[in-house]
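Residue numbers (full-length UniProt numbering): 1 to 255. Quick reminder that beta carbons are idealized off the backbone N, C-alpha and C, glycines included. Read through the structure below, which is laid out as structure tokens, and then see the notes.
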């Protein structure tokens, strides 16, 4: 089976070019908003709080804040990328082109994940300006960064197909993903919670993403690194299965 590399490159380059046309919205805005968290929670409030697991509070929250931006930007980039062709009607050009569904999905998701990873690395570089930071396992850090960006870009693609209006396009990130990230240990360790609420929190899939990512920085985690990696891969596989079903059934692709 041959791969249409020209189509993949064309879609990928088009999506990446859209990012560079709006640098203030795509890059600068998320970096500035996350930097405010570093200033307020890391430098101001963090200096008056006790260390968590031997890690200064300002340093402790960095992985969670990066994950917060990574998740929201991955979903936003991928969902808009597929929703806008539906909105304008150009989706028919894609569906009629000699491009396999998985080639189109790969290109869209790769572009969205690339943007999110670059943004995550830029936020990480910004964090060094505000708090003392050390990365104990840089390879694992990059692995979790890429896997999370790819997984939530796939999830964002699903949202873009499901949404039939800009309100729905923004509803899931705003009403679901952001609360789950805040309640997933971004600003605290779930070990600080009472046993009952800790058990409830473990239902939140974002906990495993943040925990594994934080381990790559500080060597401390709320759940085992193997469990975090497994849960990430399970979510990734589930998103791929849903997208395969979407293209097999044509669910809302032409709406």
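Sheet register partners of residue i (DSSP bridge)
i: residue 55; result: 52
Selected residue, minimal CA-CA separation from residue i, among the options
i: residue 38; options: 127, 69, 84 and 147; result: 127
i: residue 31; options: 51, 67, 187 and 140; result: 67
i: residue 185; options: 172, 87 and 205; result: 205
i: residue 124; options: 88, 188 and 213; result: 213
i: residue 141; options: 5, 84, 228 and 247; result: 228
i: residue 2; options: 98, 55 and 78; result: 98
i: residue 167; options: 130, 80 and 215; result: 80
i: residue 69; options: 87, 178 and 90; result: 178
i: residue 131; options: 57, 95 and 193; result: 57
i: residue 84; options: 101, 165, 59 and 95; result: 165
i: residue 220; options: 100, 232 and 190; result: 190
i: residue 241; options: 203, 224, 59 and 101; result: 101
i: residue 118; options: 96, 145, 137 and 86; result: 145
i: residue 35; options: 18, 129 and 202; result: 129
i: residue 246; options: 18, 59 and 82; result: 82
Beta-carbon gap between residue i and residue j smaller than 7 Å
i: residue 8; j: residue 93; result: no
i: residue 16; j: residue 111; result: yes
i: residue 322; j: residue 217; result: Examination of residue 322 is not possible in this model, given that the chain is present from 1 through 255 alone.
i: residue 163; j: residue 169; result: yes
i: residue 285; j: residue 64; result: Look at the range of the chain in this structure, 1 to 255, and you will see that residue 285 is not part of it.
i: residue 78; j: residue 157; result: yes
i: residue 152; j: residue 75; result: yes
i: residue 116; j: residue 73; result: yes
Per-residue burial, residue i [other beta carbons within 10 Å of its own, 16 or more giving buried]
i: residue 71; result: buried
i: residue 20; result: exposed
i: residue 195; result: exposed
i: residue 14; result: exposed
i: residue 175; result: exposed
i: residue 120; result: buried
i: residue 50; result: exposed
i: residue 5; result: exposed
i: residue 109; result: buried
i: residue 248; result: exposed
i: residue 23; result: exposed
i: residue 171; result: exposed
i: residue 296; result: Because the chain is modelled from 1 through 255, residue 296 falls outside the range shown and cannot be assessed.
i: residue 55; result: buried
i: residue 215; result: buried
i: residue 173; result: buried
i: residue 88; result: exposed
i: residue 230; result: exposed
i: residue 90; result: exposed
Expected contact under 8 Å - CB spacing of residue i and residue j to nearest Å
i: residue 11; j: residue 149; result: In fact, because the Cβ distance is near 17 Å, the residues do not count as touching under 8 Å.
i: residue 133; j: residue 62; result: 6 Å
i: residue 28; j: residue 147; result: Not really, about 26 Å apart at Cβ, beyond 8 Å.
i: residue 41; j: residue 182; result: Actually they are not in contact, since the Cβ atoms of residue 41 and residue 182 sit about 12 Å apart, beyond 8 Å.
i: residue 251; j: residue 161; result: 7 Å
i: residue 207; j: residue 222; result: 7 Å
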